[in-house]
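Colleague: After the structure tokens below, expect a handful of questions from me.
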Amino acid sequence: MAAGHPTVTRDSYVPRLSFRQTVGTGFLALCMAGTMVGIVFLAVLLTDVWRDGVGFLRWEFLEAFPSRFPERAGFQSALWGSLWLIATTAMLAFPIGVGAAIYLEEYAPRNFVTRAIQINISNLAGVPSIVFGLLGLQIFVRGTIGIGPSVGGGFGRSIIAGGATMALLILPIVIVAAQEAIKAVPPSLREASYGVGATRWQTVWHHVLPQAFPGILTGTILALSRAIGETAPLIMIGALTFVAFRPEDLLDPFTVMPIQIYNWVSRPQADFHDLAATGIIVLLFVLLSMNALAVFLRQWTGRRYGR
Amino acid sequence: MAAESAATGGPQSALFQRRRGRQLFEQAIGWVLFLCAAVTVLTTVGIVLILVIEGLQFFGDVSPWEFFTGTKWTPLYTNQAFGVLPLIGGTLMVAIGAAFISVPVGSVTAIYLSEFASPNVRAVLKPILEILAGIPTVVYGYFALTAVTPFIGNFAEPTIFNAASAMVVVGIMTIPMVSSLSDDALHAVPQDLRDAAYAVGSTRFEVTTRVVYPAALSGVIASYILAASRAVGETMAVTIAAGSTPNLTWNPLESIQTMTAFIVQVSLGDTPHGTIEFRTIFAVALTLFVMTLVMNVIAARVTARFREVYD
């Protein structure tokens, strides 16, 4: 064989194997070090926040309202505002998102319109959240598109306006997660259902959705945990930073945890910075609980539906 | 027997009526579901309409030439100037600085996870890295202001608000975006390619850098662009850490202002609706929207166009 390629001889092959392996080991070390950068940063961030914030972490912090005095200031209105907002967001985003996913997976014809909707959803996921804030400000708060008369005056700077804005923001995430869950349901299940004469909706409602439900729920909770940490769009729609009451209904003004944290961070006094760190601890705790709930629900319902 | 005659009966029979009702119900459900999907289209239409309508009114008062070429941005002062370049410069500086962290760190992380790590290590490390993406950006802002800036102060003399601290935290928060999208791309490279390269005597380093990485390049580049797009649209961390001084500079130790931070600044103030000052945020947001859209479309194109098709 070598005769056909006279320039390549046994002597021209120098493996330099030990050199190449040294380079490989160096590269592996580089990759491991790079991977550690993110993890070390995360650890430093969490310990730093804990160290700064633990001083104010006591029961009164959760019960008190914002105050000019750091030692009396608390998180109650922000905590309740976040809970109201998340409940409203979930109420809007869950049915619409699941409905859209069912349409795209089970009903939509394979045509131009469907492709356009799908591309649009992935583009929406990349729109900066602050732009959604402007949308919410015009449509939901003021009830206008910027020209012509205001339609019904909008909802003002209220929970419903914030919840609707957040619902639009997380809708792409909910839809994609629900689509994935629906796709994972085996086609044989649908065929069996159609085979005994069920209609399309009966098939979806009684067979596809129950199977896909754990996945949909997990995806929705993860999307909501994104919404609970979002700040920018709510600043746009004017979630107030000084709210000394709990919201009582959907038209009340409100503040949320990240906005209260932002408010404390942007004050010059160091005490308020520590207060912000305490707020961050509470916020991260809520986020962690939601993620744990998502994982738990996936495990638990997964077993129940036998997948 | 009565049921049998109804089943074969004419249009007036009970079963026929029931089936007709069933069909109407099915159709109605189909329409409701279609409307749910249409909400996403309406959202896009709404965003574009709002930005364009308010933006056009803004450009009725300020010429686009002045807006896109002016180097002074003082719309909130009595001596108004509407040159958006300082905001674009600040935004790009943070995004580029962040990319200097997220691209190399994210890439080697992806290579480690995809090519070197055992399944167990991978199962532990991947979710931990995802946490970085899940932490609210206001937390990164806090950390940049209270920890990163003092840390930078050990080597240099940054102002309290500075672009460098924002670059660091935005870079870190976009690592998972680069690493997990690149990891997906690397993972999609068929094992046959690796086996073939090993068979001719390559080391693992050579297989990774000369075969697997080039084969996954389209997905990897898309991940870089998407991370940069995310950095451009990032709001709270840069608002808190980088300050609010529209400043056309390349010195990261100075305070700057990004497009997003300006929008936040105006909406926190008491600028009345319908004024030219308030409309600036729509003009700025329109610019931001177009920039991120272009980047996202390029990322999608890169993925689709240069994808190596296997099997």
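Sequence lines, in order, name chains A and B. Numbered by my numbering, the letters in the first sequence go through residues -1 to 305 in order. Numbered by my numbering, the letters in the second sequence go through residues 183 to 493 in order. Ideal Cβ placement from N, Cα and C applies to all residues, glycine included.
If you measure between the beta carbons of A348(B) and A467(B), is that distance less than 7 Å?
Modeller: For this step, residue 348(B) is matched to residue 166 along the second sequence. For this step, residue 467(B) is matched to residue 285 along the second sequence. The answer is no: Cβ separation not under 7 Å.
Colleague: Anything in the segment 393 to 413 of chain B with a Cβ closer than 9 Å to a Cβ of chain A? List those residues in chain order, please.
Modeller: Flagged, chain order: L408, S411, R412.
Colleague: From the beta carbon of H204(A), is the nearest beta carbon of chain B less than 7 Å away?
Modeller: On the first sequence, position 206 is the one that residue 204(A) refers to. With 7 Å as the cut-off, H204(A) does not count as an interface residue toward chain B.
Colleague: Between which two residues does the alpha helix (DSSP H) carrying H369(B) extend?
Modeller: Start at 1 with the first residue of the second sequence, and residue 369(B) comes out as number 187. Start and end: 357 to 369.
Colleague: Taking only the alpha-carbon atoms, compute the straight-line gap between A196(B) and R204(B) and give it to the nearest angstrom.
Modeller: Against the second sequence, residue 196(B) aligns to sequence position 14. Against the second sequence, residue 204(B) aligns to sequence position 22. Spanning the two alpha carbons is a distance of roughly 12 Å.
Colleague: Check whether chain A comes within 7 Å of A219(B), counting only Cβ atoms and requiring the distance to be less than that.
Modeller: Position 37 of the second sequence, counted from the first residue, corresponds to residue 219(B). For A219(B), the answer is yes, since a Cβ of chain A falls inside 7 Å of its Cβ.
Colleague: What does A467(B) reach in chain C if we use C-beta pairs closer than 8 Å?
Modeller: Of the chains in the structure shown, none is chain C; the protein chains are A and B.
Colleague: Do we get a CB-CB distance below 7 Å when we pair E186(B) with the residues of chain A?
Modeller: The residue you call residue 186(B) lines up with position 4 of the second sequence. Residue placement at E186(B) is poorly supported in this model, since its pLDDT is 48, which falls under 50; the coordinates still yield a value, given next. No, E186(B) lies away from the interface with chain A (no Cβ there is under 7 Å from its Cβ).
Colleague: Which class does F73(A) belong to by DSSP, given the choice of helix, strand or coil?
Modeller: As a first step, residue 73(A) must be located in the first sequence, where it is residue number 75. F73(A): coil per DSSP, three-state reduction.
Colleague: Can you pull the chain A neighbours of R204(B), defined as C-beta to C-beta under 8 Å?
Modeller: By 1-based counting over the second sequence, the position of residue 204(B) is 22. The contacting residues are T197.
Colleague: Along chain A, in chain order, which residues have C-beta atoms closer than 8 Å to that of E388(B)?
Modeller: Residue mapping note: residue 388(B) aligns to position 206 of the second sequence, counting from 1. Result: R18, G22.
Colleague: Could you tell me which chain A residues have their CB closer than 9 Å to the CB of L475(B), listed as they occur along the chain?
Modeller: Within the second sequence, numbered from 1, the residue matching residue 475(B) stands at position 293. In chain order: N121, G124, V125.
Colleague: Compute the Euclidean distance between the alpha carbons of A185(B) and F198(B), then round it to the nearest angstrom.
Modeller: Taking the first residue of the second sequence as position 1, residue 185(B) is located at position 3. Taking the first residue of the second sequence as position 1, residue 198(B) is located at position 16. Residue confidence is low: A185(B) scores 46 on pLDDT, short of 50, so the model does not pin down where it sits. Its coordinate-derived value is still stated next. Approximately 12 Å, taken between the alpha carbons.
Colleague: When you compare the CB of L207(A) with every CB in chain B, is at least one pair closer than 7 Å?
Modeller: On the first sequence, residue 207(A) is found 209 positions in, with the first residue counted as 1. No, because no Cβ of chain B sits closer than 7 Å to the Cβ of L207(A).
Colleague: Just to confirm my understanding: we take L435(B), look at its own chain, exclude 5 residues before and 5 after, and list those with CB closer than 8 Å. What are they?
Modeller: As a first step, residue 435(B) must be located in the second sequence, where it is residue number 253. Closer than 8 Å at Cβ, skipping near neighbours: I334, A338, E339, P340, T341, N344, A345, A346.
Colleague: Can you tell me the Cα-Cα spacing of V206(A) and I214(A), whole angstroms?
Modeller: Position 208 of the first sequence, counted from the start, is the residue given in the question as residue 206(A). Position 216 of the first sequence, counted from the start, is the residue given in the question as residue 214(A). Answer to the nearest angstrom: the Cα atoms are 11 Å apart.
Colleague: List the endpoints of the continuous alpha helix (DSSP H) containing W48(A).
Modeller: Position 50 of the first sequence, counted from the start, is the residue given in the question as residue 48(A). Start and end: 15 to 51.
Colleague: Identify the contact partners of Q177(A) in chain B, using a Cβ-Cβ distance below 9 Å as the criterion.
Modeller: The sequence position of residue 177(A) within the first sequence is 179, counting from 1. Within chain B, no residue comes near Q177(A); the closest Cβ sits about 11 Å away, beyond 9 Å.
Colleague: In chain B, what lies closer than 7 Å to Q136(A) by C-beta?
Modeller: Taking the first residue of the first sequence as 1, we reach residue 136(A) at position 138. Those are I232, listed as they occur along chain B.
Colleague: With H, G and I counted as helix, E and B as strand and the rest as coil, what does DSSP make of S287(A)?
Modeller: Locating residue 287(A) in the first sequence gives position 289, counting from the first residue. Correct three-state label for S287(A): helix.
Colleague: Give the secondary structure of W255(B) by DSSP, where H, G and I count as helix, E and B as strand, and everything else as coil.
Modeller: By 1-based counting over the second sequence, the position of residue 255(B) is 73. Three-state DSSP puts W255(B) in a strand.
Colleague: Go ahead and pull the three-state DSSP assignment for F211(A).
Modeller: For this step, residue 211(A) is matched to residue 213 along the first sequence. Three-state result, F211(A): helix.
Colleague: Alpha helix (DSSP H) containing E178(A): first to last residue?
Modeller: Here the question's residue 178(A) lines up with position 180 in the first sequence. Per DSSP, E178(A) belongs to the alpha helix (DSSP H) from 157 to 181.
Colleague: What residues of chain A sit near A348(B), judged by a beta carbon separation below 9 Å?
Modeller: Within the second sequence, the letter at position 166 stands for residue 348(B). Going along chain A, no residue has its Cβ under 9 Å from A348(B), so there is no contact; the nearest lies around 14 Å.
Colleague: Determine, using beta carbons only, whether N478(B) comes closer than 7 Å to chain A.
Modeller: Start at 1 with the first residue of the second sequence, and residue 478(B) comes out as number 296. It does; some Cβ of chain A falls within 7 Å.
Colleague: Just how far apart, CA to CA, sit T390(B) and D366(B)?
Modeller: Working through the second sequence from its first residue, we reach residue 390(B) at position 208. Working through the second sequence from its first residue, we reach residue 366(B) at position 184. Straight-line Cα distance between these residues: approximately 15 Å.
Colleague: Which residues does DSSP pair with F240(A) in a beta bridge?
Modeller: Translated into positions along the first sequence, residue 240(A) becomes position 242. For F240(A), which the question treats as bridged, DSSP gives no partner whatsoever.
Colleague: Would you mind telling me which residues of chain A sit closer than 7 Å to A329(B), beta carbon to beta carbon, in chain order?
Modeller: Against the second sequence, residue 329(B) aligns to sequence position 147. By Cβ distance, chain A contributes D46.
Colleague: When you compare only the Cα positions, how much space is there between P107(A) and V129(A)?
Modeller: Reading the first sequence from its first residue, position 109 is the one you call residue 107(A). Reading the first sequence from its first residue, position 131 is the one you call residue 129(A). Using only the alpha carbons, I get a separation of about 31 Å.
Colleague: Using beta carbons (cut-off 7 Å, strictly below), is I438(B) in contact with chain A?
Modeller: Taking the first residue of the second sequence as position 1, residue 438(B) is located at position 256. Cβ-Cβ to chain A under 7 Å: no for I438(B).
Colleague: Mapping the DSSP letters down to three states, classify F264(B) as helix, strand or coil.
Modeller: Translated into positions along the second sequence, residue 264(B) becomes position 82. In this structure, F264(B) counts as strand in the three-state DSSP scheme.
Colleague: F471(B) touches chain A at which residues, Cβ-Cβ below 8 Å?
Modeller: Looking up residue 471(B) in the second sequence gives position 289. Within 8 Å Cβ-Cβ: V125, P126, V129.
Colleague: Using a Cβ-Cβ cut-off of less than 8 Å, list which residues of the segment 42 to 71 of chain A approach chain B; keep chain order.
Modeller: Those would be V42, L43, D46, V47, D50, in chain order.
Colleague: Counting C-beta neighbours from all protein chains within 10 Å, is the total for T23(A) 16 or more, i.e. buried, or is it exposed?
Modeller: Within the first sequence, numbered from 1, the residue matching residue 23(A) stands at position 25. It is exposed - the Cβ of T23(A) has fewer than 16 other Cβ atoms within 10 Å.
Colleague: Within 7 Å of any Cβ in chain A, is that where the Cβ of M359(B) sits?
Modeller: Locating residue 359(B) in the second sequence gives position 177, counting from the first residue. No, M359(B) does not count as interfacial toward chain A.
Colleague: To the nearest angstrom, how far is the alpha carbon of A182(A) from that of P372(B)?
Modeller: The sequence position of residue 182(A) within the first sequence is 184, counting from 1. The sequence position of residue 372(B) within the second sequence is 190, counting from 1. Rounded to whole angstroms, A182(A) to P372(B) spans 23 Å at the Cα level.
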